[in-house]
Every structure is written in C-alpha cells, then in structure tokens.
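Protein chains in written order, with the working numbering: chain A, 158 to 269; chain B, 12 to 122. Ideal placement from N, C-alpha and C gives every residue a C-beta, glycine not left out. As the structure is a computational prediction, the values presented were derived from the model and not from experiment. Working notes, beginning with the structure itself.
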C-alpha cells in the first residue's frame, strides 16, 4: 500500500490563480479530510467526507471546494488563491469512524 | 465535540517515562479520546484512542480517569525521536466524524 499520497509536494501560486491539490489513498478508506496548518500553528479542518458523493464543511471552508466522486480520491480546489492561503495542506483518511487517521506528507503552498 | 486543554510544552529525560496530560472536563458519554503526534513538519501520526478503559499498544498507554474528565498519554521510555507535538482530541465515533485539532503539547526529550 502506498498509503495517502498527496501531490504536488510544493507549489507556488500567484494571487488569483486556481489549482487543485490531489489526495489519493489505496486503503479503501471511506473517511477522508483536508487540513491546513499555518506556521507554528495547529491543524484546522477545511472539508471532510464520509464516503463517495458525501462531503461537508469543516472549520475553515471558505475559498476551497471539494468533491468525492470515488472512494480513492479527494481533491481540494482553491478557487482564487490568496496570500492568506499560504500554508501546509494535509490530507488524511481512515477506514472507519473508530480508527485513527492516516495522514499524507503534505503539500506546501505559497501564494505570492 | 468537547474541547481539550493541554500544557503548551513539557520536557522529559531520555529513557524516562513521558506523561502528557489532557483535560476534557466537558466530554460527553459517547466521545472518545484520541492522541496524535506530529514530528517536525511531517503529517500527524495516530497513536492511540479509548473510551473509558485504559488502553495500551506498542507506542504508548492511555490512562483515562474514572470520571473521564482527563486523561494521560504515557510514553514508557522516551527517546529523542519522540520529540514532537502531541495532540489530544475528543470526538464521537458516529455521524459527521469531524476531528478538530487543538494546539497540542510540544514535548522535548533531552539526552
């Protein structure tokens, strides 16, 4: 198993550009989430999904869209990048509600 | 979901037990206690979780008080590689499955 794979690992965007952060898992996990972590801070939940076709908002959803068309993939879309979205983005998944999350290695995004 | 309170930072000598406390005085009867850690800038790593009984695995032990208002994560023989931020989280295991992280405790293991 590759676990949770995030691409790209690093990205620089200009203000106003859009992009999609990719997250894929090969563990047949139903539950997936996106978090952002600003320098020196804890993780904040952006969006999460409890299965294909089902998504919901977390603590800081504004400026981000998600979809879950397959169990394996949970992409995060930045609609119009802003410098405030400079952060490290982590994707996580779990097989069931009772298990802990497996996290990806993160995407480091800088918006200039 | 109930909120948690953890010390900002702690020190521990290498080879000694590290005891990390967490207060969750507003925990509900159906909320579990989860612990994760984050080493440097890596993705967080799941450690252990429990409802009301003490739990142990290959990484750590989790001690939950009888009234469930607090818990302690124990790393029995801390090593330098255990230096990390440790997060205590409480959440239900049904429904929306939102997992909210707080600020955590920064554990420094010293030689």
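On the criterion of 16 or more Cβ atoms from any shown chain inside 10 Å, does residue i qualify as buried, or is it exposed?
i: residue 167 of chain A; result: exposed
i: residue 31 of chain B; result: buried
i: residue 234 of chain A; result: exposed
i: residue 28 of chain B; result: exposed
i: residue 269 of chain A; result: exposed
i: residue 44 of chain B; result: buried
i: residue 120 of chain B; result: buried
i: residue 169 of chain A; result: exposed
i: residue 78 of chain B; result: exposed
i: residue 183 of chain A; result: exposed
In the DSSP assignment, find the beta strand (DSSP E) that holds residue i and state where it starts and stops.
i: residue 42 of chain B; result: 42-49
i: residue 145 of chain A; result: The requested residue 145 of chain A is not part of the displayed model; chain A covers only 158 to 269.
i: residue 213 of chain A; result: 211-214
i: residue 114 of chain A; result: Since the displayed chain A opens at 158 and closes at 269, residue 114 of chain A lies outside it and no answer follows.
i: residue 204 of chain A; result: 200-208
i: residue 262 of chain A; result: Taken as a continuous stretch (DSSP letters only), residue 262 of chain A belongs to no beta strand (DSSP E), as it is neither H nor E.
i: residue 15 of chain B; result: Unbroken run through residue 15 of chain B: none, as it is neither H nor E.
i: residue 190 of chain A; result: 188-194
In whole angstroms, what separates the C-alpha of residue i from that of residue j?
i: residue 54 of chain B; j: residue 99 of chain B; result: 16 Å
i: residue 191 of chain A; j: residue 88 of chain B; result: 33 Å
i: residue 176 of chain A; j: residue 198 of chain A; result: 24 Å
i: residue 75 of chain B; j: residue 84 of chain B; result: 9 Å
i: residue 57 of chain B; j: residue 164 of chain A; result: 22 Å
i: residue 221 of chain A; j: residue 262 of chain A; result: 20 Å
i: residue 61 of chain B; j: residue 247 of chain A; result: 24 Å
i: residue 230 of chain A; j: residue 252 of chain A; result: 14 Å
i: residue 51 of chain B; j: residue 95 of chain B; result: 6 Å
i: residue 161 of chain A; j: residue 204 of chain A; result: 16 Å
i: residue 65 of chain B; j: residue 82 of chain B; result: 9 Å
i: residue 17 of chain B; j: residue 59 of chain B; result: 17 Å
i: residue 174 of chain A; j: residue 236 of chain A; result: 7 Å
i: residue 266 of chain A; j: residue 249 of chain A; result: 17 Å
i: residue 101 of chain B; j: residue 115 of chain B; result: 13 Å
So what's residue i in DSSP terms, helix, strand or just coil?
i: residue 163 of chain A; result: strand
i: residue 251 of chain A; result: strand
i: residue 244 of chain A; result: strand
i: residue 233 of chain A; result: strand
i: residue 121 of chain B; result: strand
i: residue 101 of chain B; result: strand
i: residue 269 of chain A; result: coil
i: residue 228 of chain A; result: coil
i: residue 116 of chain B; result: strand
Going residue by residue through the segment 21-96 of chain B, where are the continuous beta strand (DSSP E) segments of at least 3 residues, counting only ones entirely within it?
29-34, 42-49, 56-61, 72-75, 81-86
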